[in-house]
Each structure stands twice: as C-alpha cells, then as structure tokens.
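A quick write-up on the structure given underneath.
Residue numbers (our numbering): 2 to 112.
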C-alpha cells in the first residue's frame, strides 16, 4: 500500500538517495530517459548486481519505479518533477571554502 510521505521524510529520503555518487548517477541518467537495468549498468560502467542494489534503494525511497515491459523491467523516475529538482540541485551554486568541511563532518560522517 502506497502512502504519501510527510515533507521532512521526503527530503530525508531524497538526501539519503543523493548521498551516494552511484545513486546520483542513476537518478541523473533516469532524468534523461527511462532505461532497462542492463543498459543502465553498461552506460554507468557498474556491475548489474551493484546497480540492482542501488535501484532497490531508490525504489524503497520512492524515487524510481519499475515498469514491466513484456518480460523486461524498465526503470524511470517516480515523478517527472524529480528530474526538474535534480537539475535545479545540480545547477545550484554552493559556496564552500576548499579547505573546509561541515562543522559536524567528523561526528556525522557528512561532507
């Protein structure tokens, strides 16, 4: 049963998904066009097993959906607005000093 997630939960899920570079690459690829896992694995140059694990994570986060196409499965963004959000995030200017990290980087494992 699908439920609508609260705003904070949606942002947290999106953040967890974006925390991994491979998942970022998958999301950016899917923002260009839906794709079959084998094609994604080849274009991203990662193993199909590794891709499958990341797709499962993105599915569980509610960011991608699996669409049956005959005997194959195609993946696409769960909502086309995610593509716009990814583009906005990708092109946003983030000001950081090259020699600095987050204040909590050591404790929180971020940045």
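For each residue, glycine too, the CB sits at the ideal point set by N, CA and C.
Note that the coordinates shown come from a computational prediction; the quantities given were computed from them, not determined experimentally.
{"Item": "Continuous alpha helix (DSSP H) stretch holding residue 22: start and end", "Value": "22 to 33"}
{"Item": "Three-way DSSP call (helix, strand, coil) for residue 73 in this model", "Value": "strand"}
{"Item": "Between the CA atoms of residue 29 and residue 89 - distance to the nearest angstrom", "Value": "12 angstroms"}
{"Item": "Where residue 19 falls: helix, strand or coil (DSSP)", "Value": "helix"}
{"Item": "C-beta contact flag for residue 79 and residue 66 at 8 angstroms", "Value": "yes"}
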